[in-house]
Amino acid sequence: MNLIAIPLAFAAGAIVVMLAQFAGLVQVLPSDESPDTSVSSSLLGKNPVNSGLIASDIEQVESRLQQLNDLADQMQQQLQDNTLTSDRMQVQVSQLQEQLETALTEGALFADTGTQTGDDTVIQPIADAASNAVGRARGFGGAGNDIEYTSLVAAGIDPVVAEELKRQNDQWTLQRLELVDQATREGWRRSDEFGERMRELREQQPDIRAEVGDENYDRYLYAAGDSNRVQVSSIIDGSAAQLAGLENGDVVLSYADERVFSMRELQRATSEGSRGESIQVQVLRNGELMSVDLPRGPLGVTLSGIRTDPGP
Numbered sequence: 004m005n006l007i008a009i010p011l012a013f014a015a016g017a018i019v020v021m022l023a024q025f026a027g028l029v030q031v032l033p034s035d036e037s038p039d040t041s042v043s044s045s046l047l048g049k050n051p052v053n054s055g056l057i058a059s060d061i062e063q064v065e066s067r068l069q070q071l072n073d074l075a076d077q078m079q080q081q082l083q084d085n086t087l088t089s090d091r092m093q094v095q096v097s098q099l100q101e102q103l104e105t106a107l108t109e110g111a112l113f114a115d116t117g118t119q120t121g122d123d124t125v126i127q128p129i130a131d132a133a134s135n136a137v138g139r140a141r142g143f144g145g146a147g148n149d150i151e152y153t154s155l156v157a158a159g160i161d162p163v164v165a166e167e168l169k170r171q172n173d174q175w176t177l178q179r180l181e182l183v184d185q186a187t188r189e190g191w192r193r194s195d196e197f198g199e200r201m202r203e204l205r206e207q208q209p210d211i212r213a214e215v216g217d218e219n220y221d222r223y224l225y226a227a228g229d230s231n232r233v234q235v236s237s238i239i240d241g242s243a244a245q246l247a248g249l250e251n252g253d254v255v256l257s258y259a260d261e262r263v264f265s266m267r268e269l270q271r272a273t274s275e276g277s278r279g280e281s282i283q284v285q286v287l288r289n290g291e292l293m294s295v296d297l298p299r300g301p302l303g304v305t306l307s308g309i310r311t312d313p314g315p
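Start counting at 1 in the sequence shown, then tack on 3, and there's your number in this note's numbering.
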């Protein structure tokens, strides 16, 4: 009887210990580790005290993860907003580039509104460059060819001559369009080759002024609704223009004995010939024609284009 009771007691005790260990009431230490460095089953969450600590840590981790997730959502939204903004800006840039290239190909981008200082001329873009006379120094200016033909006839140009000029300009315009299309399709629109070929093509553009003469050209510009005079808007102190006696409001009619109809023509004329040579400038001041001697070079003025009826 005793022999049977001892094994049963031993087994019962082992079961109790196992249950206690499972409940976290007893720690079993490995024989090769001290209590200070042992890893107990309580680290698995079975000890009530440690379980609370682990739960708190988990809450902190979850809170931090939620914060990171919210931050990621905010960054994603910001990225989407920036992408939309970038897309809109890209569209605007593309439109501006197209307008720039169109203006350049028509020779109508810049006019000499220039505040001129020393040897430098500040060339400012004008708002109506596409329709200003600066773009009509050699041709119709692109789009409204029928209107330009009508303006030629209204200026007194023989309809046969006007029709021939229109035909020549139409042919030139088609060549320009073909060049732009080819360069765009083949990927060399922004290359030096495109710029060079466009410059060569512009040299072939029909020259209305050369065909009809200065007086008819003056009337043509007026009939087309373009500016046909260049006016002094402001003068820099100490500039050649001031020393020569030019005044605000003076209308420049000719420079070095050549008629001037656009700001670009005047700017180009100041850069030709020998710098410093004495030239004569004709201006209209308060209805009175005057002549002023100036050294060729920067004038030191700001100019604007105006439209004036040239008369019969």
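Glycine residues also receive a C-beta, built at the ideal position from the N, C-alpha and C atoms.
According to DSSP, simplified to helix, strand and coil, what is residue i?
i	result
T153	helix
D312	coil
D195	helix
R278	coil
Q245	helix
Q208	coil
P298	strand
S265	coil
S257	strand
N72	helix
E181	helix
I61	helix
Q172	For the sequence presented, residue 172 should be read as Asn rather than Gln. Helix, per DSSP.
P38	Per-residue confidence for P38 stands at a pLDDT of 46, beneath the threshold of 50, marking its modelled position as unreliable; the derived number appears in the next sentence. Of the three classes helix, strand and coil, the one that applies to P38 here is coil, per DSSP.
D221	helix
T120	Residue placement at T120 is poorly supported in this model, since its pLDDT is 31, which falls under 50; the coordinates still yield a value, given next. T120 falls in the strand class under three-state DSSP.
E166	helix
A227	coil
E214	helix
E2	With the chain represented from 4 up to 315, any question about residue 2 goes unanswered, as that position is not in the structure.
A158	coil
E250	coil
Candidates the options: which alpha carbon is nearest residue i's?
i	options	result
R179	E206, A158 and L155	E206
G308	S294, A243 and G228	G228
A226	Q77, Q70, I160 and V295	I160
E291	V156, V254 and S237	V254
R170	A158, E181 and E151	E151
E166	D240, G252, P209 and D184	P209
E250	L224, V163, M293 and P298	M293
G314	Y223, V183, E65 and V215	Y223
G252	V286, G190, N231 and L68	V286
S237	L306, L68 and D195	L306
L256	S230, S242 and I239	S230
R310	V233, L74, R193 and N172	V233
N172	A157, V215, I211 and A75	I211
Q245	D195, D296, W191 and T187	D296
L204	D60, Q79 and E181	E181
G248	D260, V164, I61 and R288	R288
Would residue i and residue j be called neighbours here (beta carbons separated by less than 8 Å)?
i	j	result
R262	D217	yes
F264	D312	no
N298	A213	As written in the sequence, residue 298 is Pro, which differs from the Asn given in the question. Not a contact, by the Cβ cut-off of 8 Å.
Y1	V284	As shown, the chain starts at 4 and ends at 315. That puts residue 1 outside it, with no answer to give.
L168	L177	no
A158	N219	yes
Name, in chain order, the residues that DSSP records as bridge partners for residue i.
i	result
M293	V286
L306	V235
Between residue i and the ligand FMN, is the CB less than 7 Å from at least one heavy atom?
i	result
G159	Looking for the ligand FMN in the displayed structure turns up nothing, as the structure carries no ligands at all.
Any beta carbon of chain B sitting closer than 8 Å to that of residue i?
i	result
R202	No chain B appears in this structure, which consists of one protein chain only.
Count Cβ pairs between the segment 296-304 and the segment 269-285 that sit closer than 8 Å; are there 3 or more?
Counting Cβ pairs under 8 Å, three or more are found: they touch.
Is the segment 193-206 in contact with the segment 279-291, if contact means three or more CB pairs nearer than 8 Å?
no
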